[in-house]
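Please read the structure below before turning to the comments.
Protein chains in written order, with our numbering: chain A, 1 to 192; chain B, 1001 to 1246.
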């Protein structure tokens, strides 16, 4: 095919000159805009339900008694799974979460099943946990404040949080495959 | 920010929707440009299709290879729709190679084909900007400028809007100069070079840059390399085109 060229040396040279000037200024700009050591990001990101930010803190009652405070789990990678007993994809992915919990708990992984109790019933939650044989702690969000803080848009939603309390990955919707959970957990454990 | 839209039991991911819409507009423009350059539009659209398929398949396979033991014990997980288990940079390389091989197999002329892709790339960059506006990704660093937006707990540079405006400007520039050096491959190089330049400048306002040794922002270094390569090819292809036309 013959191209429909009407290129002139002037056009081509002009373009190369403009782009070369951009390259020189770009290199200078890249040097000037390096991230200084004293930037806020070096001090740790603020809490936000978003990858790269600190996971918003909470203290909640556990189904089997006692309380859990997220910030007290720093030093451990955490899988935080938000769920409800009426949510079908939550039910489907729970056995995989339980298996991952069993496999990695000795390595320091902490799994928390955060139930949206404000939209659920504690009786149903207990029956669900017994039926599926879940052994990880179930936190009860009775007033929905934590799901609000996490700007929850869909169930299930899972946060993979590193040992510094920073969210590394978020999976909205489900069911997640066991490989998805496992690979995210292994990434967290490798950072330890 | 408007990341999800609930329609009955379905949760529509709006950024993904914006990318799909962008892809549709891109392919429409590419088809028009291919006809204008007297190329076979069907072959080019097929090349794009196989390229995209290569990106997705390659991204998942590379991720699976990196987590081989996990996927060997759960092979069906390869087919789960989940964007968090894709390795997109490597997938992109595989997709480009597949598209190139397909183009060669169908005897598509390289440089005119690249020029046909130019408006599609420019439009897709706009779609990426819109997707980032919807998701809140690619967010800016904190600022007190009057046009700052409140996002992720702070007033920030609206970098998603900056990048959308930059991509739109590049598309307009392509349109204004679309009669020049058609079919030489330089139109695509121009879009690539301008997009890389925009990234070098705008990355400085990002609050989520990956940092490389020396406190350099990774995206700026990669964009500088792409820009240098685009300049080199513009020079070479410009020379070759002049030789052909004389």
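Don't be surprised by glycine CBs; every beta carbon is placed ideally from N, CA and C.
Remember, predicted model here, so these are calculated numbers, not experimental data.
Worksheet item: With respect to the alpha helix (DSSP H) encompassing residue 1051(B), which residues constitute its N-terminal and C-terminal limits?
Response: Per DSSP, residue 1051(B) is one residue of the alpha helix (DSSP H) stretching across 1041-1066.
Worksheet item: With a Cβ-Cβ cutoff of 8 angstroms, do residue 1238(B) and residue 1186(B) count as a contact?
Response: The criterion of a C-beta distance shorter than 8 angstroms is satisfied by residue 1238(B) and residue 1186(B).
Discussion item. Suppose you measure from the CA of residue 1(A) to the CA of residue 1113(B); what does that come to, to the nearest Å?
Written reply: No answer about residue 1(A) holds up, because its pLDDT of 45 lies below 50 and its placement is not dependable.
Discussion item. Using 8 angstroms as the threshold, is the C-beta distance between residue 172(A) and residue 180(A) below it?
Written reply: Not closer than 8 angstroms, so no.
Worksheet item: Whole-angstrom Cβ separation of residue 1167(B) and residue 1122(B), contact assumed at under 8 angstroms?
Response: That pair is a contact at about 7 angstroms.
Discussion item. I'd like to know if residue 1008(B) contacts chain A, where contact means its C-beta is closer than 8 angstroms to some C-beta of that chain.
Written reply: In terms of beta-carbon proximity, residue 1008(B) stays away from the interface with chain A, with every pair separated by 8 angstroms or more.
Worksheet item: If the cut is a Cβ gap below 8 angstroms, which residues of chain B does residue 186(A) touch?
Response: Result: 1067 and 1070.
Discussion item. DSSP three-state label for residue 1139(B), please.
Written reply: Here residue 1139(B) sits in coil by DSSP.
Practice prompt. Flag residue 1210(B) as yes if its beta-carbon sits less than 8 angstroms from any beta-carbon of chain C, otherwise no.
Written response: Protein chains in the displayed structure are A and B, and chain C is not among them.
Discussion item. Please return the same chain residues whose Cβ sits closer than 6 angstroms to the Cβ of residue 1218(B), not counting the five positions on each side in sequence.
Written reply: Counting only Cβ-Cβ distances below 6 angstroms, and skipping sequence neighbours, we find 1210 and 1212.
Worksheet entry | Span of the alpha helix (DSSP H), counted from its first residue to its last, around residue 178(A) | In this chain, the alpha helix (DSSP H) harbouring residue 178(A) covers 178-190.
Worksheet item: Exposed or buried, residue 14(A), counting other C-beta atoms within 10 Å across all chains shown (16 or more means buried)?
Response: With fewer than 16 other Cβ atoms within 10 Å, it is exposed.
Item to complete: Report the neighbours of residue 1197(B) on chain A: residues whose CB is nearer than 7 angstroms to its CB, in chain order.
Response: Chain A residues near residue 1197(B): 22 and 26.
Worksheet item: How would you label residue 1174(B), buried or exposed, when you count the other beta carbons within 10 angstroms and need 16 or more for buried?
Response: Flag for residue 1174(B) reads buried.
Worksheet entry | Helix, strand or coil at residue 169(A) according to DSSP, with G and I counted as helix | Residue 169(A): strand per DSSP, three-state reduction.
Discussion item. With the cut-off set at 8 angstroms, would you say residue 1216(B) and residue 34(A) are in Cβ contact?
Written reply: Going by beta carbons, residue 1216(B) and residue 34(A) fall inside the 8 angstroms limit.
Discussion item. Considering just the uninterrupted stretch of the alpha helix (DSSP H) at residue 1096(B), what are its terminal residues?
Written reply: In the DSSP assignment, residue 1096(B) falls within the alpha helix (DSSP H) that extends over 1088-1105.
Worksheet item: Are the beta-carbon atoms of residue 1004(B) and residue 153(A) separated by less than 8 angstroms?
Response: In contact: residue 1004(B) and residue 153(A) (Cβ atoms closer than 8 angstroms).
Fill in: Inside the stretch 56-95 of chain A only - beta strand (DSSP E) runs reaching at least 3 residues
Runs found: 59-62, 67-69 and 78-83.
Discussion item. On the CB-based measure, 16 or more other CB atoms within 10 Å of its CB, does residue 1010(B) come out buried or exposed?
Written reply: Exposed is the call here.
Worksheet item: Is the stretch 1045-1055 of chain B touching the stretch 1092-1106 of chain B in the sense that three or more CB pairs, one from each, lie closer than 8 angstroms?
Response: Between the stretch 1092-1106 of chain B and the stretch 1045-1055 of chain B there are three or more C-beta pairs closer than 8 angstroms, enough to call the two in contact.
Worksheet item: From 1223(B), 1025(B), 1037(B) and 1093(B), pick the residue whose C-alpha is nearest to that of residue 1061(B); which is it?
Response: Of the candidates 1223(B), 1025(B), 1037(B) and 1093(B), the one whose C-alpha sits nearest the C-alpha of residue 1061(B) is 1093(B).
Item to complete: Quick one: grab the DSSP three-state call for residue 1145(B).
Response: Note: residue 1145(B) maps to coil in three-state DSSP.
Worksheet item: Alpha carbon to alpha carbon, what distance is there between residue 1029(B) and residue 1118(B)?
Response: Each residue's CA atom was taken as its position, placing residue 1118(B) and residue 1029(B) some 9 angstroms apart.
Item to complete: Could you give the DSSP three-state label for residue 1205(B): helix, strand or coil?
Response: Here residue 1205(B) sits in helix by DSSP.
Item to complete: Would you verify that the beta carbon of residue 1190(B) is, or is not, closer than 8 angstroms to some beta carbon of chain A?
Response: Flagged as an interface residue toward chain A: residue 1190(B), by a C-beta distance shorter than 8 angstroms.
Worksheet item: So does the stretch 161-169 of chain A actually touch the stretch 134-150 of chain A, counting three or more Cβ pairs closer than 8 angstroms?
Response: Contact between the stretch 161-169 of chain A and the stretch 134-150 of chain A is absent: fewer than three C-beta pairs spanning the two stretches fall below 8 angstroms.
Discussion item. Looking only at its chain, what residues have a beta carbon closer than 8 angstroms to the beta carbon of residue 132(A), apart from the 5 residues adjacent to it on each side?
Written reply: Apart from the 5 residues on each side of it in sequence, residue 132(A) sits with its Cβ closer than 8 angstroms to the Cβ of 91, 94, 95 and 98 in its chain, given in chain order.
Worksheet item: Run through DSSP, which three-state label would residue 1016(B) get?
Response: Three-state DSSP puts residue 1016(B) in a helix.
Worksheet item: Where residue 1038(B) and residue 1087(B) are concerned, what is the direct C-alpha to C-alpha distance, given to the nearest angstrom?
Response: Using only the alpha carbons, I get a separation of about 36 angstroms.
Worksheet item: Between the stretch 1008-1025 of chain B and the stretch 1068-1077 of chain B, do three or more beta carbon pairs fall short of 8 angstroms?
Response: Contact between the stretch 1008-1025 of chain B and the stretch 1068-1077 of chain B is not established, with fewer than three Cβ pairs separated by less than 8 angstroms.
Discussion item. For residue 161(A) and residue 62(A), which I take to be in contact (beta-carbon distance under 8 angstroms), what is that distance rounded to the nearest angstrom?
Written reply: With a Cβ gap of about 18 angstroms, residue 161(A) and residue 62(A) do not count as contacting.
Worksheet item: CB residue 1002(B) to CB residue 1189(B), shorter than 8 angstroms?
Response: Contact flag unset, no.
Discussion item. Which residues of the stretch 1152-1178 of chain B have a Cβ closer than 8 angstroms to any Cβ of chain A? Give them in chain order.
Written reply: If the cut-off is 8 angstroms between Cβ atoms, the stretch 1152-1178 of chain B has 1152, 1153 and 1154 near chain A.
Worksheet item: Listing by chain order, which chain B residues have their CB less than 7 angstroms from the CB of residue 144(A)?
Response: Within chain B, no residue comes near residue 144(A); the closest Cβ sits about 17 angstroms away, beyond 7 angstroms.
Worksheet item: Can you list, in chain order, the residues of the stretch 52-71 of chain A whose Cβ is nearer than 9 angstroms to any Cβ on chain B?
Response: Under the 9 angstroms Cβ criterion, the stretch 52-71 of chain A contributes 52 and 53.
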